[in-house]
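Below is one structure, written out as structure tokens; comments come after it.
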Amino acid sequence: MIEQAFFYRDTWVEVNLDCIVANVSEVRKRLPEEVAIIGVVKANAYGHGDYQVAQAALEAGATMLAVAFMDEALSLRGKGITAPILVLGASRPEDVNIASAENITLTVFEPEWLEQAKEYLDSNATLSLHVKVDTGMGRIGVRSIEELSMVEKSIASDSRLLFDGIFTHFATADELTDSYFHEQLGRFKEMVASLHTRPACIHSSNSAAALRYGEAHFNAVRLGIIMYGLSPSQEIKPELPFQLKEAFSLHSKLTQVKRVNKGEKISYGGTYETAEEEWIGTIPIGYADGWIRKLQGQEVLVNGVRSPIVGRICMDQLMVKLPYEVPVGTVITLIGEQQGSIIPIDEIADTLETINYEVPCLIASRVPRIYKRDGQIIDMKNPLLPKTLG
């Protein structure tokens, strides 16, 4: 099997890039032609794989990418991505020449940062900038028209600097109550209206706002969680205008199957005791892979049958109560579809009492990723092995 040439334990993630393309394409169809799509691929594309997702998003109609930190932008450049990249978070002023050399757009979030950056920037360099406005999120960003005016004048006074964009971020766009959203949008409109020079790219909408509020489109939107086939929140999921296609699935195989007598204890602390004679299967995935101990009791799919995790999850392995005797090597699905049964990411998020964003990000890089298009493997990534084996 191809997996055996690529990794040497039977646990892997599959990313269906057709789903990425489909989700972005569906949004593209619903936006005015003049509104651009910025594909958000920060955090290794929410655990899916930055390069592969970036390619799929660009193919589907995105014209720009966004990341959190400059390291992530440089990673994409190193892998051959040439599309415009915006760093949404704070960068160090002393690193501006690297951004300039690699054609990476940085975020200005306060006048002081800009003045420091100008001191470091080489005399023959040019640096593309987007200004972040804090309209109520409370993270980075200029907070007043006075601060924004200072930044605009500082950029205009230096021929090395390009004022290419301005943006904000909504705190409650994924909630049904929209009063605070409109408050933020109003503040952003006031800030933009105060500018003497209107930059080429104005963006405020995250995934939720992109689909719910046309008045917040301006001329670009940022697609994050929806691109991966996940709803920004359970609250607005029924409102979404199309069926999202979840791209991420997680699989493993049984490494041992044993018949255990009634009254035997399973795993650390003996927290699970068999109530009868049971078939117990061991799976090579654990909390070091991101399948954390709080998932004890969560079900997995065995031949399409839901089967519970029993006993405490170990660092590298866990045990499940099997519905019947099945052979070693049987494929187990922890997230995804198997024989008509589905365990979605939202279910795992509910078990963990968190949001769906967190789940794929939790799955460690030591779990290999397999990328598929049209049902065929087109790429593979295993950071633990030399590239020549991938």
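Take the sequence shown: its position 45, counted from the start at 1, is 183 in my numbering, and no numbers get skipped.
In this text, a Cβ means the ideal position worked out from N, Cα and C, and glycines have one as well.
| Query | Result |
| --- | --- |
| Between the CA atoms of Q394 and R166 - distance to the nearest angstrom | 47 Å |
| Limits of the unbroken beta strand (DSSP E) element including R168 | Counting along the chain, R168 falls outside any beta strand (DSSP E), though it belongs to the alpha helix (DSSP H) covering 155-168. |
| Short Cβ contact (9 Å threshold) for I501 with G424 | no |
| A346 (DSSP reduced to helix, strand or coil) | helix |
| W417 Cβ short of 8 Å to the ligand SAH heavy atom set | Annotation note on the ligand SAH: not contained in the displayed structure, which lists no ligands. |
| Through-space distance from K291 to P249, alpha-carbon basis | 10 Å |
| Through-space distance from E373 to L382, alpha-carbon basis | 15 Å |
| DSSP three-state assignment for E152, whether helix, strand or coil | strand |
| Beta-carbon separation (whole angstroms), A263 vs S238, contact threshold 8 Å | 4 Å |
| Residue of V458, A413, R444 minimising C-alpha distance to Q434 | V458 |
| Whether A204 touches I223 by CB criterion (9 Å) | yes |
| Buried or exposed (CB count within 10 angstroms, at least 16 for buried), M453 | exposed |
| Assigned exposure category for Q477 - 16 Cβ within 10 Å defines buried | exposed |
| Cβ-based burial, G279 [other Cβ within 10 Å; buried from 16] | buried |
| Beta-bridge partners of P446, as assigned by DSSP | E437 |
| As assigned by DSSP and simplified to three states, the class of M317 | Sequence check: residue 317 is Ser here, not Met. In this structure, S317 counts as helix in the three-state DSSP scheme. |
| Pick from M365, S369, I363, N344 that is closest to N357, judged by C-alpha positions | N344 |
| Nearest-angstrom Cα separation, counted from N154 out to M208 | 27 Å |
| M329, DSSP secondary structure in three states | helix |
| Own chain partners of G367 with C-beta closer than 6 Å, once the 5 adjacent residues on each side are dropped | C157, N161, L382, K383, E384, A385 |
| Beta-carbon proximity list for V448, same chain, < 6 Å, skipping 5 on both sides | I404, Y410, M457, K459 |
| Three-state class that DSSP yields for C339 in the structure shown | strand |
| Cβ neighbour criterion (16 or more within 10 Å) applied to I140 | The predicted position of I140 is uncertain, since its pLDDT is 47 and thus under 50; a value taken from the coordinates is nonetheless stated next. Looking at its Cβ environment, which holds fewer than 16 other Cβ atoms inside 10 Å, I140 is exposed. |
| Any 3 or more C-beta pairs closer than 8 Å across the stretch 270-290 and the stretch 347-365 | no |
| When G419, D260, T273, L388 are compared against H307, the one with the closest alpha-carbon | T273 |
| CB contact flag (C192, A181, <9 Å) | Just to set this straight, residue 192 is Ala in the shown sequence, not Cys. Cβ distance not < 9 Å, so A192 and A181 don't count as in contact. |
| Run of the alpha helix (DSSP H) containing S238, from where it starts to where it stops | 234-239 |
| Rounded straight-line distance, which links the Cα of L439 to that of S387 | 12 Å |
| Residue nearest to Q322 in terms of C-alpha spacing, selected from E257, Y258, G276, R444 | G276 |
| Residues of its chain near K510, where Cβ-Cβ distance is below 8 Å and the 5 sequence neighbours each way are ignored | E152, V153, N154, L155, D156, I516 |
| When Q514, V505, D260 are compared against N520, the one with the closest alpha-carbon | V505 |
| Simplified DSSP assignment, three categories, for K97 | Residue 97 lies beyond the range of the chain shown here (139 to 528); nothing can be said about it. |
| Selected residue, minimal CA-CA separation from A311, among Q190, S342, E328 | S342 |
| Proximity below 9 Å, CB of L169 to CB of I176 | no |
| Pairwise C-alpha distance: G474 and E328 | 45 Å |
| T489 beta carbon less than 9 Å from that of K432 | yes |
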